[in-house]
Each structure stands twice: as C-alpha cells, then as structure tokens.
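There are 4 protein chains.
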Amino acid sequence: MKTNEKKYSTVHYQQYLALDELLDAQHLRSEKLQKEPAHDEMLFIIVHQSYELWFKQVIHELESVMEMFNQNNVDERSIGVSVARCNRVGEIFKLLIEHIRIMETMTPLDFLDFRNLLFPASGFQSFQFRKIENMLGLKEDQRMTYGNHHYAAFFSEEEQKELDRIVKEGSLFDLVEDWLERTPFLQFRNFRFLSSYRESVERMIAKETEAIESSDYLSVKEKEMRLKMLGNTDTYFQSVLDPEAHAERLASGQLKLSYKATLAALMINLYNEEPILQLPYRFLIALVDIDELLTTWRYRHAQMVLRMLGKKVGTGGSSGHNYLRETAIRHHIFGDLHNISTLLIPRSELPVLPEAVRKELGYFYTVAKETES
Amino acid sequence: MKTNEKKYSTVHYQQYLALDELLDAQHLRSEKLQKEPAHDEMLFIIVHQSYELWFKQVIHELESVMEMFNQNNVDERSIGVSVARCNRVGEIFKLLIEHIRIMETMTPLDFLDFRNLLFPASGFQSFQFRKIENMLGLKEDQRMTYGNHHYAAFFSEEEQKELDRIVKEGSLFDLVEDWLERTPFLQFRNFRFLSSYRESVERMIAKETEAIESSDYLSVKEKEMRLKMLGNTDTYFQSVLDPEAHAERLASGQLKLSYKATLAALMINLYNEEPILQLPYRFLIALVDIDELLTTWRYRHAQMVLRMLGKKVGTGGSSGHNYLRETAIRHHIFGDLHNISTLLIPRSELPVLPEAVRKELGYFYTVAKETES
Amino acid sequence: MKTNEKKYSTVHYQQYLALDELLDAQHLRSEKLQKEPAHDEMLFIIVHQSYELWFKQVIHELESVMEMFNQNNVDERSIGVSVARCNRVGEIFKLLIEHIRIMETMTPLDFLDFRNLLFPASGFQSFQFRKIENMLGLKEDQRMTYGNHHYAAFFSEEEQKELDRIVKEGSLFDLVEDWLERTPFLQFRNFRFLSSYRESVERMIAKETEAIESSDYLSVKEKEMRLKMLGNTDTYFQSVLDPEAHAERLASGQLKLSYKATLAALMINLYNEEPILQLPYRFLIALVDIDELLTTWRYRHAQMVLRMLGKKVGTGGSSGHNYLRETAIRHHIFGDLHNISTLLIPRSELPVLPEAVRKELGYFYTVAKETES
Amino acid sequence: MKTNEKKYSTVHYQQYLALDELLDAQHLRSEKLQKEPAHDEMLFIIVHQSYELWFKQVIHELESVMEMFNQNNVDERSIGVSVARCNRVGEIFKLLIEHIRIMETMTPLDFLDFRNLLFPASGFQSFQFRKIENMLGLKEDQRMTYGNHHYAAFFSEEEQKELDRIVKEGSLFDLVEDWLERTPFLQFRNFRFLSSYRESVERMIAKETEAIESSDYLSVKEKEMRLKMLGNTDTYFQSVLDPEAHAERLASGQLKLSYKATLAALMINLYNEEPILQLPYRFLIALVDIDELLTTWRYRHAQMVLRMLGKKVGTGGSSGHNYLRETAIRHHIFGDLHNISTLLIPRSELPVLPEAVRKELGYFYTVAKETES
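Chains as they are written, first to last, in numbering that gives the first Met the number 0: chain A, 0 to 372; chain B, 0 to 372; chain C, 0 to 372; chain D, 0 to 372.
Structure (structure tokens):
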C-alpha cells in the first residue's frame, strides 16, 4: 500500500467511534447480583460514563492550553486559541451541570433499588476529576478530607504519581501567574502604571469623601454607611498598593496570586478595551468562568445528593451533601482574579494613557494606513 | 462464597464504570494517518460517543415503556411510570440539543483539519438512532432517502432484521393507538361522548356565526376574516365527526391515527382535569414533547452542519444540511396528537359530564370518606 | 352597544400589552445625572424589570394554588392543576437563573460607570420577592438580617402589613402540612402504616447487620464503615418512629414539619406508584423542585455579585456576596420534604399492601371493567 | 441644591425600576369581558411583555454597534466592544428561546379560555421585532406576506417611516459589508490574497483528484462519489474566484454580500488565528450566532403555535405555524457569512503568509521586545 494514500482507507461510523466497546461497557450490578435488574441503574451508569468522557475532553483542552503557556514567550496567536479552548471547557461544564437535571428524574426510591450494591464506589474515586482539579491549580491545603481520607488515597500508586507530577510541574494557575508577571505593560515608555493608579485611587477617595460629607441629600446614617463603604474599599486598595501587605496575605493563605501578577491582571482589567489587551482580558474572564461553572456544578451536585439521600451517609462513607456543599464554597481556584473587581475604579477616574502608549496598544488603524500608501 | 452474600462484594468506581475500556475508545484518525493529530478530532469523537451513550439510555427507556403498553390491560400503575420515563427521554433530548453548542465551538477550519479522513463515515450510519426512530413509530413511507440510499442500506443484515422486527412487532405509536382504542370512557353509562361533542360544536359554531354577523363592532372585512377562521375550523371538526372523511385522510397518508384512537385522545384532552384522565393526558403530552424535542434536535443539527460546511457535500455524499432540515419538518411521529388541538373547544362550551360519570372519573374524596367511617 | 357582544371589540397588540407604558419605564440615572449615559445601565434595568414581571407571575400561580389548598376537602382535580402550576413556577425559576448569564455579559468596569448612582437601591428592596418567600413559607426565625436590618424594614407600612398577613393566614408550607395531616391513607382498612413500616425497618436493619458482620468479603475496616452507615440510618429512623423525638426536634427548630404530616409524606413517597398517590407525589416533588431552583438562583446570584464587586460592599450597605451565599444554604423552605429520603427503604423491604387496600388505591382497571358490562 | 452633587440624591428600588407602572400594566381581557378571568391569560401577557422588554435591549445594543460601524475608520477598540455586545444579543436570544418552554406549560385548552378575546392582536404587530429585523438587514424581497398583508401594514404611519428609514440609512448588514470592503489586508505588501488562494485551491483539487483516481482502496462507486463531492466543491470555488459569476448570483438574489466583502470575510476566516484578525473573526462569528439563534427562536415559536392551535388559523388571520416555519428557513440575514465555510480549505493547503506580513499581523511579541530594551 502506498503510504501517502492511507488517508483514503475508508471508515465506518461504528468502528470509528468504537461503538462495540462503548455500548458494551454498561454492566449493571443489579443484573448480576439480584433477581431482577434495577431499571434505573442504567441511567446511573450512563450519566457517570458521560461525565468521564467529558472529563477526558476537558483534560485534552487544558493540556493544550498549558503547553502553549509553558514557555517564556507565549506566542501571540496562542492567546486567542486559549480563549477559545477555555470557553469550550466552560461550555462543557454547562453541559455537565445539565446532567444533574437528568439524574434528578430518578426518584430516591429508584436509587435504593441498587444503591446498596455500589459500596464503596464513589465519585470521589474519579481520577480524571482529581486530575482536572490539579491541572487548574487547586492547592493541596485548600482540599477538604473526605471521610478522613486524603483525596489521593483512593488511587493507585501510578495515579498518585501523576497527580503529584502535575502539582510539581505547575498548574494552569501557576503558568498564568508566570505569564502575568512577564507582562510588559506595567512599565511602558514613560507610563508607570502603579504610581498613576495610586494617584487616581487617592484622588477618587478624597473626592468621594468630600462629596458625601458635604451632601445636603444624605441623612446622617446614610452618610455613615457610604463612608463605611468607602473605608472598606480603601482598605482593599491599600493592600494591593502595598507589596508588604500583599506578602502577608499571601503567607497567611488569604491570597494566592503574586503581587506582580495581581498588578498585571489589574491593568488588563482596567484597560481591557485597548486592542492589545482585549484577548488577554478575555482569557482572564474565561478562567473566572471556568471557576464559576465548576463550583456551580459542585453546588448542584450537592443538591442532588441531598434529594436522593437526605441525610444518609454516601456510599463512600461520609455525608456527600455536606462535603460537596463545602467544596462549592471553598474550592475557588481563580478567586484572586474574581477579586480584581474589588480594585477597579470607574473609567472616569482612570489614569489617561499617554498618546504614545495608546498608539502602541492599538494597531489596526496604523496598519491600515501603512498599506494604503 | 455464600451466594446470598455476593452483594457485599466491593466495587471500585473505575471498574464499575468500565473506565479502562471507555477512556481508551477514542482513536483519532488524524493521529494515525497524518503527521500531527488534529486537536479538535477528539471533540468530534467525544460528542458522537456521548450521543451514542444517551441513545442507549433512550432505547432502554422506550423498551420498558413499550413492554408496559404491550398488553391488553395496561396496568394502571404503568401510566405514571411511563410518564416519568418519557419525561426523562425528553430531558435527554434537551441535553442532546445542548451538545450542538459545544460542537459549534469548533471552527469550520478546525473541522477541515481531519474531515477528509472520515469518509464515508456519517451520522446516517448510527444504528441506534434508526432504532429509536422505528421504536417511536417513524413510518417507512415518511422517510427521505439520503444520497439515493434506503435508510437501512448502511447496516449489517442482522441490524436490518432488527430494524424490520420493530416495525413488524409494533412501535410505541402503534401500542399507544391500541391503548387509546381500548379506552373505556367514550361510552360511559348514559354518556355518549361523540354525540355530546357534536352538539356542542354545532351550537358553538352557530352562536359564533350569529354573533359575528350581527356585530356592530367589526368592519365588513373583519367579519369576513372571522367567518373564514370559523369556516376553517368547521372543516376540521367535520373531518373528525365523520368516520368516512377520517378514513379517506388515513388512506391518503394525511393522518396516521385511527378514528377511534383520535376520539379517545380528544376526550382525554377535553376532560384532562378529571382525576382519572390526568395521567393519561400527561402521557400524551410527554409523547408530543418527545416529538418536538427530536425535531428541534434535527433542526439544530442542520444549522450546525450549515455552519461547518456551508454548501459542501457531507462525508456521507449528500447535502447534510438540506437533508436534516427536511427531516426537521417532515419527521413528526405524533403529529396527529399535536393536531388534536385543532379540535378543542373552550371549556365554557364543553358538554357537561353527568354527575354519575364525574364521580367515577374522580376517586380521592370518595375514598377519603369511606375510610373516615 | 349590545353587552354580550363586547368580546368582539377588537384589540391591537400594542394596547393589549400596554407597550407605551412598558417601554417608557426605563429611566437611566446615568442619563439624568451624568454627562453621558452609561451604556450598560439599560441592561441592568431591563434584567431587574424582567425579574419583577416574572415575580408577579409566580405570585399569581402561588395564590391560585394556595386558594385550592385552603379548604378542608381539597378537590381531587386540584392536585393535578397544582402540580402543573408549581411546575410552571419551577420553569420560571429556571428562566430567572438564566438571566444571570446575561447580567454577566456586563463587565465589572461597565458596572462602575453607573453603580455609584444607585445608592441605596438594592434588590433587598424587592417587595414581590419577599412576598414570594413568605407565601412559600420562609419562617421569620430562618431569615438573616441584612446590614443589621430586619428584612421588612425597607418597605412601607402597608407593604409590611401585607407581608405579615401572609405569615398569619398561613403559607403554602402550612397549607400543605394541613393537607398531609388530613391524608386518609395512614390508617386504611386493616392496614396500619406506621407499625408495618416499623417492622420493615427493624427487619431490614437486622438483616443488613447480620450480613455485614458475617461477610467474608469485607475487610474489618469496611465492615466498620458499613455498620457506621447503618447506625446513622438507624438514628434517623428512630427519630421518625418516635413522636417524642420528633417533637423535640420540632421545638429546637431542626424540623418544621409536624409528625403526622411527615408520616403522610413518607407514605406517599414509599407508595408513589399507586395510582391514587401518583399526583400527590408529583406535587411534593414539585415543591422540592421549587426549593432547589430558588436556592440555585440565590447561589448564582451570589456568584454574580462576587464577579461584579469582588469584596466591595453592595449598594445596600452590606456584603452582597456573603449574604446571598448564606441564604443559598440556609433558606430551604421544604427541607423536611427533601429529608424524607433519609427514611426511605428499598422496595424489596417495603410492607406489602393488603390486596383490598391496593385495589382501592387503584381505579383504572376497575372502572374499565364496569363499563364493559 | 448643588448641581454637581445631584448624584448623591438617593433612590429606592421601586422608583428606580418604575415598578408602579410596570406591575400595573397587565390588563386581562378575560377579566374585563368575561364572568371570570382566565387564569393563564396572565402568563400570556407576561411572556409577551418580557419579549418586548428584551427587544428594547436588543435594539439598544444593535444601535450602539451600528453607530460604531457607521464611519470610515472603525476605531480598533470598537471591534472588541462590538463582539461583546453582539454576544450579549446572542445570550438574549437564548433567553427568548427559553421563554417558549414556559409558554408551553399552558395547555391548548387553557389558551382557548381567552383566545377569542384577542382578535385581531398578533405577534406580527410587534413594531420592535420588525425594527430588529430591519436593523439586522432583512431585505424587503426576502419577506413573506402574512395573510396577504405587507409586513408594515399593521403599523402607524410614523412607525412605517421609522422602518423605512432604517432600510434607507443602512442596516448592520450594509455597515458590515462596507467595513469588510475597506479591509486593508487583501493586498498587503507583496502578498496578493486572491491569486495565492486561487493557486492553492487549484493545487489542492488536482492533488485530490489524482489521489482518488489512483487509489487502491476505494471502490469504483466510492471513487465516483468522492469525485462528485470534489466537483461540487470546485463549482463553489469557481464562483468566488470569478467576479462575474458572483455578480450574476448577486443579481439573481442568490447572494447578498458583495464580491469584495466576500473575499475579505474569506481571508478573515482562513487566517483567523493571526492576532490582528482574531477579533474581526469573532465579530463575524457573533453575527452568524445571532442569525442562527434568531431562526431557532422562529422555529421553536412555530412548534409552539402548532401545539397550541393545531391547524387552527391564528388570531392574525393566517396559519401561524406555516408562516413561522417558513421564516425559520428563509429569513437568514447573514447566510453569505455561513456560506464562507464552503470556500475554506485545510490549513495544510493554505498559502503561507510571507514573514513580513505575518509580523505585521501580529504585535504582542514585538511590543514586548521593544519595551524590554
């Protein structure tokens, strides 16, 4: 056979998708162990198999994004591709969330028809899911134990090594942090981002304070409340303006993102409409989206477990509902990117970019002009 | 080992879900045949594998419903179970529709990276999908050819036999038709549904006609339009009141549901709030939902193909978009149940059920009273 | 004009929907108070107006359901109608949850363009939303304060009275509790539900304990875990079997649903496939669905606030994110219906209904036979 | 009062959202004209009012995008903003599609309780919807008549003028066409897009033809089919390579997008990963998304009408189902952008961009380097 012609070998849908294997992989324990199979065990299996198929896809996407960011100079074309792939991961999580509606068509009584047979299998044994958490950057010290077990206790030695490797080699969180730290815009020609921003913040807070205090509109109580709001805001601003305060909060685990990366993320947020920053901004948003969708999935999962089991203990030996609900609250990975919002100031107060800088952050018009000549 | 104790054999998530097989079933042709794999072929495979997993679940549900209806006296408990399972099928189709959004994250250019390698594989070769169509009751004469091929031409002899068997043994459509024909309510004590309904319809149309003609409000043109609307309505009513007209429309293929089953479905719709009819009504609605969702999935599929390929010919050798769009319009299976709506009349015009009949169509209060004594 | 002919007065889409008023009700404060309007304030207004329109619809549905349940003998036809209307409320909440995705298309920076102008308006001032909470049955002692304010502090005297009235006259929770308490099935002919259920539970637990202890399969540790699971289950069972334990938990606020209503709900769950119980069961499920969707909406709302504001204080003067997140966890209204699942036992262990009872809980076949004669 | 302090005037949720007007705008005709109101008329009104609120938002977004494109040099920052706003319009249409599920909770019988009272009001009288169609660029000659009426016949003179004005001043379609025509990249330094593309296409087709013909793998029939596929493809390529063929198809109405704009859109698609083209590409995609979602809404609307009315004639005097179904097929506005997919060739066959051109289409790395010095 001519090597370069292999591509004309034909293929049938059935073989291409390995349907013989795929559709023969549903083994109902109730069929094997009981007099009659439990009708809804099929649904239970299919839902979880579908989850795992999609986890494989999520890993495929994250791996490719991590590869693109795992170098000193992230190719400019990679940002757009990464945005698209992270958005796809987001769409996949939306689909996973919808799976729960289908699972909820199973009644608690239907579940009891086979639940006893599953012990001690549990979703906590999903290797791919743990891998996704580690790839995204969930830190060991954020993790909750489940039934007093370390999260990795359920896995083979080889799998544990793989989970460790990811942590060691660096998660997407780590890679994004590195990339942000390398952002060239913080000091750009004659523009110093931090000092300009600091002045704006101070001016804004002074102006607001004066306006509130002198207002004829607001009641004393309202003035108090607004000044308190302003005070809280001020505290947050101080912490980002002061590298030492930041370092303390990093050390105590309140923050995870480095000072320099935080500044870069802040600048990208504040000037997100500048052409050169549009895609980096969309990339940061895509990460926040993934975080939000993943925690929503955890939350919905917790609700579903409550509905199925009430306060019964899960097959894995712990209260599934409480565990899941806690992870829905605690397991934010890109929380520091969410919190950038605390530091934003209105466009009207934003330091104006020097003309030379703005020009360089743009490109379209310039190029157009050049080619016209 | 004690036989009755087998259920305490333990099981791990990974084995239970056959993850080794499942997650090793993605074979990228671009990896095998090209210098480098096409990143998005993984997505293409996963989406289709997920479809097939869910098709298996749909078949599992439909089979169980068909078994319950495949007997002379459908157990009264089965109606409720059937409603729940058909609603689940509906939820599954909603999920399948959402898959298309994920597929659409693939750009047409990404698709071209591996499209050539798939020839002549095509979704038209999905055996499970054809099986679902036949189980629901898609008739041979409704089917469109695809690239001049009979729909079954793509399958093995064994598969073709299975597809034929379903047609011969009777689809869900057939079973529902039989069940409707056996409905005992059409002639109930001293209540004759058809004649009562006929009188109501005639009285209603006469009253409306008189009111329109004598109205001071309507313009001549508006009167004309309303009388025309009424006339059209009248024609439909006649066709259901007249068994011969119905027979003709059956023969010509305009209708598929028998006269008697149509009357029963009509009665269930008109008196759907009577306790005994509430679940039968929900069952009919669930079938209409499935029909609607399945055609929506076809429609969205057609859109997605258009976006990917424009007017290119599909790997199966025909214009995928046009084929799919046509099936989205033509392949209604329970269209005659949709059309029951044409025959409905306002509650205010409905023949009043004799007290004795109403009592028997209810049950709750009666039972409650008995037990109080 | 003839009175009985008024219905032929014609109407135009625009007047019918009061579009002149509706589409003239968007008053951007940024347009009035700033040099130039903030583009995204329109979105902010439309989203909240859409919420309020749908709240009106939810109130309309809940009022009608409450009216049907506010009588000693709930008409048997009302159950089906109530299921349909509660399901509709569920669909509406699904739509409200989707609103948040649209709100999230607004960037935090876009929000800052007008956020300052909104003080102190806040979603906590939505009268209709508080009304819905009270109608469903959120108890005063479950409520969190917001910025140290009683939830009703934001409303006019008249509105406060209305909120109180609902609490006094009885919420949907109260009405459902009453209705459950009146259920006639708990003692039915020679069948005593509670004692039969108690025997089954005890037999099941004994059998399980014996099987676990004598198992050759399980390790010592696994035995321990399974016995612990069983022990926990046992505790829950005891609490429902013992009216005094139930009374204590009611008094301490751990439970809200009365002993008798809990038993009735349990029986409806256990025998939900009996024809006469199918719709009551669906009604209970519909309430659980509403609860779940409402808390999901709260959760998603909390996420959205986090994304917009980070840790900034909300216009209402308190941390919106934390408040909302807490309500998403604490404000379960029908939690005791969720927890019925704790008390379920497998169908295989269920007390068999005496034939005479089963017949009476069914009806279809019987009626069919009668009419054939 | 100090003018510059007005912003501290306070505002209450209720006034801000004009809730008094908004929640008093639901006037049930069944309440006015019948003995008792029809419960579901409220839902009917709320759904349509919600549609109209969202239409207002869609118009707000489209107006802003059109303004940004209505100038000779579209500011480079505007592209990103336009993508975001068009994506928002897409999200809104997704929400509108979900409204139909809620409408479908109304049974046909419920609808009949008030349907007669609505004559001749009809969704075809929605001015805002027609405005959206015209703003997007639906052409007069694409429109179907409804009940023999011109689409604008239902509106006031003033409204008709407004609809005409949009057509005359140029739709979004027109503005995008202009913008594409001005794209500077088609002739860029020493790179001539059209001739490079032509050569690639010809080389690709020749290579494919040779490979198919000499294949040992394919059967005669399969060869025939693949050559036919190739032939069809060839025809499409010819039509875009030949300005005269394009002009003919424009004249006959088969195409709407000019030759030059088509070439620009093709180039943006083919090189969509080049940094400078990423956002223009996303903008084109966003338009295709809107088109797809709008037709899906039409399709779902058609289904819902079928379910409600069967083959009854709509209150507007014509078969709503058929009309809507046809518009779901015919009313593609950006169909020519969909069809760009027909003209794409695999990346492996793509003309390589000269290094100088690629550099100029990128920017990130370059800038980064400059600032390091």
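Ideal Cβ positions, reconstructed from N, Cα and C, are used throughout, including at glycine.
Keep in mind that this is a model prediction, so the values were computed, not measured.
Review point. Cβ of residue 336/D within 8 Å of Cβ of residue 286/D?
Key: Taking the first residue of the fourth sequence as 1, we reach residue 336/D at position 337. Taking the first residue of the fourth sequence as 1, we reach residue 286/D at position 287. Yes, they are a contact pair.
Point to revise | Segment contact, 8 Å Cβ cut-off, at least three pairs: the region 179–196 of chain C with the region 345–353 of chain C | key: yes
Practice item. Please name the residue, chosen from 143/C, 35/C and 77/C, that lies closest to residue 112/C on a Cα-to-Cα basis. Key: Here residue 112/C refers to the residue found at position 113 of the third sequence. That would be 35/C, whose Cα lies nearest to the Cα of residue 112/C.
Review point. Measuring CA to CA, which of 279/A, 234/A, 222/A and 174/A is closest to residue 201/A?
Key: Within the first sequence, residue 201/A is the residue found at index 202, counting from 1. Cα-wise, what sits closest to residue 201/A is 234/A.
Point to revise | Residues within the region 65–95 of chain C neighbouring chain B, beta-carbon criterion of under 7 Å | key: 72, 75, 76, 79 and 80
Practice item. Ignore the nearest five residues each way along the sequence and tell me which others in residue 57/C's own chain have a CB closer than 7 Å to its CB. Key: Position 58 of the third sequence, counting from 1, holds the residue named residue 57/C. Here the set comprises 88, 91 and 131.
Review point. Can you give the Cα-Cα distance for residue 321/C and residue 61/C, rounded to whole angstroms?
Key: Here residue 321/C corresponds to residue number 322 of the third sequence, with the count starting at 1. Here residue 61/C corresponds to residue number 62 of the third sequence, with the count starting at 1. Looking at the two C-alpha atoms, the distance is approximately 29 Å.
Practice item. For chain A, find out if any of its Cβ atoms is closer than 8 Å to the Cβ of residue 338/C; answer yes or no. Key: Taking the third sequence and counting its residues from 1, the one referred to as residue 338/C is at position 339. Yes, residue 338/C counts as interfacial toward chain A.
Review point. Does the Cβ-Cβ distance between residue 159/D and residue 55/D come in under 8 Å?
Key: Position 160 of the fourth sequence, counted from the first residue, corresponds to residue 159/D. Position 56 of the fourth sequence, counted from the first residue, corresponds to residue 55/D. It is not a contact, given that the beta carbons lie outside the stated cut-off.
Practice item. Return no unless some Cβ of chain C is closer than 8 Å to the Cβ of residue 0/D. Key: Taking the fourth sequence and counting its residues from 1, one reaches residue 0/D at position 1. Low confidence applies here, because residue 0/D scores a pLDDT of 37, under 50, leaving its location unreliable and the question unanswered by this model.
Practice item. Provide the residue span of the alpha helix (DSSP H) that contains residue 159/B, from first to last. Key: For this step, residue 159/B is matched to residue 160 along the second sequence. Its alpha helix (DSSP H) spans residues 156–168.
Exercise for review: Could you check which residue in 252/A, 170/A and 104/A has the C-alpha nearest to that of residue 69/A?
Suggested key: Taking the first residue of the first sequence as 1, we reach residue 69/A at position 70. Out of 252/A, 170/A and 104/A, 170/A has the C-alpha closest to the C-alpha of residue 69/A.
Review point. Which first and last residues belong to the alpha helix (DSSP H) in which residue 173/A is found?
Key: The count along the first sequence starts at 1 and reaches residue 173/A at position 174. Unbroken alpha helix (DSSP H) run through residue 173/A: 171–180.
Review point. Which residue from 16/D, 341/D and 273/D puts its Cα closest to that of residue 373/C?
Key: No statement about residue 373/C is possible, as the shown extent of chain C runs from 0 to 372 and does not include it.
Review point. Taking Cβ-Cβ distances shorter than 8 Å, what residues in chain D pair up with residue 273/A?
Key: In the first sequence, the residue the question calls residue 273/A occupies position 274. Ordered by position in chain D, the residues that pass the 8 Å Cβ test against residue 273/A are 76.
Check your understanding: Within this structure, are the beta carbons of residue 394/D and residue 21/C separated by less than 8 Å?
Key -> In the structure displayed, chain D extends from 0 to 372; residue 394/D sits before or after that span and is not available.
Exercise for review: Could you tell me which of 269/D, 288/D, 103/D and 221/D sits nearest to residue 332/D, measuring between CA atoms?
Suggested key: Stepping through the fourth sequence from its first residue, residue 332/D is reached at position 333. When only C-alpha atoms are compared, the closest one is 288/D.
Point to revise | Per-residue burial, residue 237/C [other beta carbons within 10 Å of its own, 16 or more giving buried] | key: Residue mapping note: residue 237/C aligns to position 238 of the third sequence, counting from 1. Burial call: exposed.
Check your understanding: Should the region 275–286 of chain A be called in touch with the region 107–121 of chain A, which here means at least 3 C-beta pairs below 8 Å?
Key -> no
Check your understanding: Can you list, in chain order, the residues of its chain whose CB lies under 7 Å from that of residue 295/A, leaving out five sequence neighbours each side?
Key -> Here the question's residue 295/A lines up with position 296 in the first sequence. In its chain, beyond the 5 residues on either side, 96 have a beta carbon closer than 7 Å to the beta carbon of residue 295/A.
Practice item. Using a threshold of 8 Å, state whether the C-beta atoms of residue 67/C and residue 77/C are closer than that. Key: What you label residue 67/C is simply residue 68 of the third sequence in a count that begins at 1. What you label residue 77/C is simply residue 78 of the third sequence in a count that begins at 1. Yes; because the gap between Cβ atoms is below 8 Å, this pair is in contact.
Practice item. Check whether the Cβ of residue 216/A lies closer than 8 Å to any Cβ atom in chain D. Key: Your numbering for residue 216/A matches position 217 in the first sequence. Yes - at least one Cβ of chain D is within 8 Å of the one on residue 216/A.
Review point. So is residue 278/B in contact with chain C if we call contact Cβ pairs under 8 Å?
Key: For the purposes of this step, residue 278/B is taken as residue 279 along the second sequence, with counting starting at 1. Interface residue, yes.
Check your understanding: Any Cβ of chain A within less than 8 Å of the Cβ of residue 261/C?
Key -> Working through the third sequence from its first residue, we reach residue 261/C at position 262. Output row for residue 261/C: interface = no.
Review point. Under 8 Å, do residue 323/A and residue 301/A count as touching if we go by C-beta distance?
Key: Working through the first sequence from its first residue, we reach residue 323/A at position 324. Working through the first sequence from its first residue, we reach residue 301/A at position 302. Taking 8 Å as the Cβ cut-off, residue 323/A and residue 301/A qualify as a contacting pair.
**Study point:** For residue 142/B, three-class secondary structure by DSSP
**Key:** Indexing the second sequence from 1 puts residue 142/B at position 143. Looking at residue 142/B - three-state DSSP - the assignment turns out to be coil, as it is neither helix nor strand.
Practice item. Run down chain A in chain order and give the residues with a C-beta less than 9 Å from the C-beta of residue 104/D. Key: As a position in the fourth sequence, residue 104/D is number 105, starting the count at 1. The premise fails here: residue 104/D is roughly 16 Å from chain A at the closest Cβ pair, so nothing lies under 9 Å.
Practice item. Name the one or two DSSP bridge partners that residue 186/B has. Key: Position 187 of the second sequence, counting from 1, holds the residue named residue 186/B. Beta-bridge pairing links residue 186/B to 191/B.
Review point. Measuring CB to CB, does residue 41/A end up less than 8 Å from residue 303/A?
Key: On the first sequence, position 42 is the one that residue 41/A refers to. On the first sequence, position 304 is the one that residue 303/A refers to. No.
Review point. The alpha helix (DSSP H) with residue 252/C in it runs from where to where?
Key: Stepping through the third sequence from its first residue, residue 252/C is reached at position 253. Counting along the chain, residue 252/C falls outside any alpha helix (DSSP H), and DSSP gives it neither H nor E.
Check your understanding: Starting from residue 54/C and walking both ways along the alpha helix (DSSP H), at which residues does that stretch end?
Key -> Here residue 54/C is taken as the residue at index 55 of the third sequence, counted from 1. Where residue 54/C is concerned, the enclosing alpha helix (DSSP H) stretches over 40–68.
Check your understanding: Which residues of chain D have a Cβ atom closer than 8 Å to the Cβ of residue 9/A, listed in chain order?
Key -> As a first step, residue 9/A is located in the first sequence; it is residue number 10 there, counting from the start. Per Cβ cutoff of 8 Å: 216, 217 and 221.
Review point. Looking at C-alpha atoms only, which residue of 29/C, 330/C, 334/C and 110/C is the closest neighbour of residue 308/A?
Key: As a working mapping, residue 308/A is identified with position 309 in the first sequence. It is 334/C whose Cα lies nearest to the Cα of residue 308/A.
Review point. Can you name the start and end residues of the alpha helix (DSSP H) that residue 18/C belongs to?
Key: Counted from its first residue, the third sequence places residue 18/C at position 19. Note, residue 18/C: alpha helix (DSSP H), 18–21.
Check your understanding: Do you know how far the Cα of residue 150/A is from the Cα of residue 167/B?
Key -> Taking the first residue of the second sequence as 1, we reach residue 167/B at position 168. Taking the first residue of the first sequence as 1, we reach residue 150/A at position 151. Whole-angstrom Cα-Cα distance: 54 Å.
Practice item. Answer with yes or no whether the minimum CB distance from residue 55/C to chain D is below 8 Å. Key: Along the third sequence, read from residue 1 onward, the residue named residue 55/C stands at position 56. Closer than 8 Å to some Cβ of chain D, the Cβ of residue 55/C qualifies, so yes.
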